[in-house]
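Peer 1: One structure coming up, written as structure tokens, with questions to follow.
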Amino acid sequence: MARITVEDCIKTISNRFDLVVIASKRSRQLSSGSPMTIERDNDKNPVIALREISENIVDPKHLEQGIIEDLQKYVEADEDEDEIVELAPSKKKNEEKEPVKPI
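In this note's numbering, the protein residues as written are 1 to 103.
If you want it as structure tokens, here you go:
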């Protein structure tokens with residue numbers, strides 16, 4: 001079992017934050033049954049994903065595109081203005097306010 005570090009992967013993906021997102025995407029692919037391109041060697045999926053990235057076996061651009069497509073699936077639904085329910089009744093301007101009682 002070879003030790004993999006961020007420095008090994010930085011040659012392929014220069015931004016470490018991008019590296020984390022792309023490696024996690026590949027790790028999830030492996031967890032869902034995607035075929036491995038290297039030997040497992042008793043490594044877990046995140047380590048396999050990092051090894052594949054460091055050895056240029058997987059295409060980061062392809063994984064990036066998959067991430068974008070996954071994010072585009074979730075579209076936030078807008079609420080209709082008619083459906084918005086007022087949680088507390090508002091006080092009218094002429095209505096007197098209750099006095100504040102000291103503690």
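Note that CB positions come from ideal geometry on N, CA and C, so glycine has one too.
Answer with buried or exposed for LEU71, where buried requires no fewer than 16 other C-beta atoms within 10 angstroms of its C-beta.
Peer 2: exposed
Peer 1: Hey, ASN56 and SER27 are a contact pair by Cβ (cut 8 Å); roughly how many whole angstroms apart?
Peer 2: Between SER27 and ASN56 the Cβ distance is about 17 Å, and since that is not below 8 Å, they are no contact.
Peer 1: Just to confirm the assignment: which complete beta strand (DSSP E) runs, minimum length 3, are found wholly within the stretch 8 to 54?
Peer 2: The stretch 8 to 54 contains no whole beta strand (DSSP E) run of 3 or more residues.
Peer 1: What is the DSSP secondary structure of ASP59, reduced to helix, strand or coil?
Peer 2: Residue state, collapsed to three classes: coil.
Peer 1: Could you check whether VAL58 and GLU52 sit closer than 8 Å to each other, using their CB atoms as the reference points?
Peer 2: yes
Peer 1: Using beta-carbon positions only, say whether LEU140 and ALA49 come within less than 8 Å of one another.
Peer 2: It is not possible to answer for residue 140, since the shown part of the chain is limited to 1 through 103.
Peer 1: Using C-beta distances below 8 Å, list every residue in its chain close to ILE4, excluding the 5 sequence neighbours before and after it, in chain order.
Peer 2: These residues qualify, in order along the chain: VAL47, LEU50, ARG51, SER54.
Peer 1: Use the C-beta contact count for LYS101: other C-beta atoms within 10 angstroms, 16 or more gives buried, fewer gives exposed.
Peer 2: exposed
Peer 1: Whole angstroms is fine: what's the gap from LYS73's alpha carbon to PRO35's?
Peer 2: 24 Å
Peer 1: Does DSSP put GLU98 in a helix, a strand or coil?
Peer 2: coil
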